[in-house]
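Trainee:
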Amino acid sequence: MIRVARGLLKTSSATFSRRSVATKSPGSNPLEILRQECSGRKLCDEQGYRLNDAHWVCAVAVPMEDKAPNLRTVHILRVSPAGFDMIFKAGGATAQKLLESTPVSLLHTQGRFVPGESAEQYRGEGNCVPIPLADLQEELPVFSLTGMMASRRWAAEAGNPTDTRQGTGVKAHWTQILQQTRQDLENDRISMEEMEECVQAFRFRPDRLEYMAGTPGALMWDRWEWMSESKETPTSVDDPIEWGTPRNLVPH
1 MIRVARGLLK
11 TSSATFSRRS
21 VATKSPGSNP
31 LEILRQECSG
41 RKLCDEQGYR
51 LNDAHWVCAV
61 AVPMEDKAPN
71 LRTVHILRVS
81 PAGFDMIFKA
91 GGATAQKLLE
101 STPVSLLHTQ
111 GRFVPGESAE
121 QYRGEGNCVP
131 IPLADLQEEL
141 PVFSLTGMMA
151 SRRWAAEAGN
161 PTDTRQGTGV
171 KAHWTQILQQ
181 TRQDLENDRI
191 SMEEMEECVQ
201 AFRFRPDRLE
211 YMAGTPGALM
221 WDRWEWMSES
231 KETPTSVDDP
241 IEWGTPRNLV
251 PH
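Under UniProt numbering, the residue at position 7 of the sequence shown is numbered 7, and the numbers go up by one with no gaps.
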């Protein structure tokens, strides 16, 4: 027996028939569409750089050998025609896989599925390439930097490997390290050399991007796909990604 969630099919046929299906392509460049949307939501400026104190994140899944993919929620620092810029803890298993050009998946969500608004998501597949951390110095979130650098200092003090999960031990001492690291960052007492030992910047260059959007008044999710037509090895990581003609897909 197939069970239907209570209330799922209570919409009247008249209301159902009035709902529409979007058919117009959102645009030829999905990264530019995302930049414009995020700029409108006050997450980034017109050049795609993260605004101060903006909570702008995405989920990244990195395949690991003989275990489940490593799933991370990371800050987006910039969206440009060349891809997504973000940071990871340097020296960890995730960063090492990214340096090996391991294919990864990305999920970016925004909005709400309520009347008058829309829920949107971007799903991407591609590779990450390392970029200079100094290029993103003005956009680095202090919250993330504090956690990464304090964890590195904690591991060094305890003599533990930096690529393993660590307990906080004595809470008061861990809190002291966190507070000191935060103060050092806010007062410019941390050198770029120490920062680069703790933090690695990457650019996610998608080979494929999907966009899905839905509202309570729509008949079904509107789903679009773009495939990259750029050559496999770009001349520069700053080269814009070239996209083919977007394709409208069925929802599932």
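In this text, a Cβ means the ideal position worked out from N, Cα and C, and glycines have one as well.
Thinking C-alpha only, which one of Ser105, Arg247, Gly116 and Ala93 is nearest Val60?
Mentor: Position 60 of the sequence shown, counted from the first residue, corresponds to residue 60. Measuring from the Cα of Val60, the nearest candidate turns out to be Ser105.
Trainee: In the structure shown, what three-state DSSP assignment does Arg165 receive?
Mentor: Taking the first residue of the sequence shown as 1, we reach residue 165 at position 165. Three-state DSSP puts Arg165 in coil, outside helix and strand.
Trainee: Nearest to Arg247 by CA position, among Thr235, Tyr211 and Gly217, is which residue?
Mentor: For the purposes of this step, residue 247 is identified with residue 247 of the sequence shown, where counting begins at 1. Among Thr235, Tyr211 and Gly217, the Cα nearest to that of Arg247 is on Tyr211.
Trainee: Checking the sheet assignment: what are the DSSP bridge partners for Met86?
Mentor: Residue numbering aside, residue 86 sits at position 86 when the sequence shown is read from its first letter. Ile76 and Phe202, per the DSSP bridge assignment.
Trainee: Using beta-carbon positions only, say whether Glu225 and Leu249 come within less than 7 Å of one another.
Mentor: Against the sequence shown, residue 225 aligns to sequence position 225. Against the sequence shown, residue 249 aligns to sequence position 249. Yes, the Cβ-Cβ distance between Glu225 and Leu249 is below 7 Å.
Trainee: Going by DSSP in three states, Met64 sits in which element: helix, strand or coil?
Mentor: Residue mapping note: residue 64 aligns to position 64 of the sequence shown, counting from 1. Met64: strand per DSSP, three-state reduction.
Trainee: Between the C-alpha atoms of Trp174 and Arg153, what's the straight-line distance to the nearest angstrom?
Mentor: Counting from one through the sequence shown, the residue named residue 174 turns up at place 174. Counting from one through the sequence shown, the residue named residue 153 turns up at place 153. The alpha-carbon atoms of Trp174 and Arg153 are separated by roughly 10 Å.
Trainee: Classify Thr109 as helix, strand or coil using the three-state DSSP reduction.
Mentor: If you number the sequence shown from 1, residue 109 lands on position 109. It is a strand residue.
Trainee: Helix, strand or coil for Ser228, going by three-state DSSP, please let me know.
Mentor: Residue numbering aside, residue 228 sits at position 228 when the sequence shown is read from its first letter. Looking at Ser228 - three-state DSSP - the assignment turns out to be strand.
Trainee: Quick test of your reading: residue 255 and Pro216, contact by CB under 8 Å. State the CB separation rounded to the nearest angstrom.
Mentor: Past the boundaries of the shown model lies residue 255; the chain is included only from 1 to 252, so the question cannot be answered.
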